[in-house]
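A short worksheet on the structure shown next.
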Amino acid sequence: MSPYAAAPHVAAMRQALEQARLALAHDDVPVGAVVLSPEGVVLGVGHNDREGSGDPTAHAEVLAVRAAATALGSWRLLGCTLVVTLEPCTMCAGAIVLARLARVVYGAVDPKAGAAGSLFDLLRDRRLNSRPEVVAGVLAEDCSALLRDFFEQRRDPR
């Protein structure tokens, strides 16, 4: 990815990283998300809360999209951008398509479950009625490091 493509999204990714760190408080995988209006105003934020809520759908993206829809008073998030620290999974990609988001920006790739180009490419599937622009790799090393540290602590607690 060119630095030009990433530049406008760095500040929002930093906000998503702040959200991701909040997931650590309840021992959840540190993934954070922010939904921006077409003007760049934050409409919704979220972080993984599966462990805290006991809800398997409480992924950062889903929570941020729900908050943004509530803020707008509409499920159609036309022109909006989702910024998330980890490549969305198939569930989240489905929610992104259904919400009609214009753009998805993510940091770390997820080769085991990513649905924005790694394992699947649901977001750009031409058979779907909505296909957001995808910008990958924004602050990828910061996003990856947070996840790597989390999982290393689980494997080798000291």
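So the sequence shown is numbered by this note's numbering: it starts at 75 and just counts up by one.
For every residue, glycine included, the Cβ atom is placed at its ideal position computed from N, Cα and C.
The model shown is predicted, which means the values in this text are computed figures rather than measured ones.
What residue range is occupied by the uninterrupted alpha helix (DSSP H) comprising residue i?
i      : result
Leu110 : Leu110 -> not in any alpha helix (DSSP H); beta strand (DSSP E) instead, spanning Gly106 to Leu110.
Arg228 : Ala214 to Arg229
Cys166 : Thr164 to Ala173
Val103 : Per DSSP, Val103 belongs to no alpha helix (DSSP H) and is neither H nor E.
Can you list, in chain order, the residues of its chain with a C-beta nearer than 7 Å to that of residue i? Leave out the 5 residues immediately preceding and following it.
i      : result
Ala138 : Ala107, Val108, Val109, Gly118, Val119, Gly120 and Leu156
Pro130 : Arg124
With which residues is residue i paired in a DSSP beta bridge?
i      : result
Asp195 : Ala190
Val179 : Val157 and Val209
If I measure Cβ to Cβ from residue i and keep anything under 6 Å in the same chain, skipping five residues before and after, which residues do I get?
i      : result
Ala167 : Ala189, Leu196 and Leu197
Quick one: using the 10 Å Cβ neighbour count with 16 as the cut-off for buried, is residue i buried or exposed?
i      : result
Asp223 : exposed
Ala169 : buried
Ala85  : exposed
Asp199 : exposed
Ala182 : buried
Glu135 : buried
Gln227 : exposed
His100 : exposed
Leu175 : buried
Pro185 : exposed
Val115 : exposed
Practice prompt. Would you mind listing the alpha helix (DSSP H) stretches within the segment 108-135 that are 4+ residues and don't spill past its ends, in chain order?
Written response: 124-127
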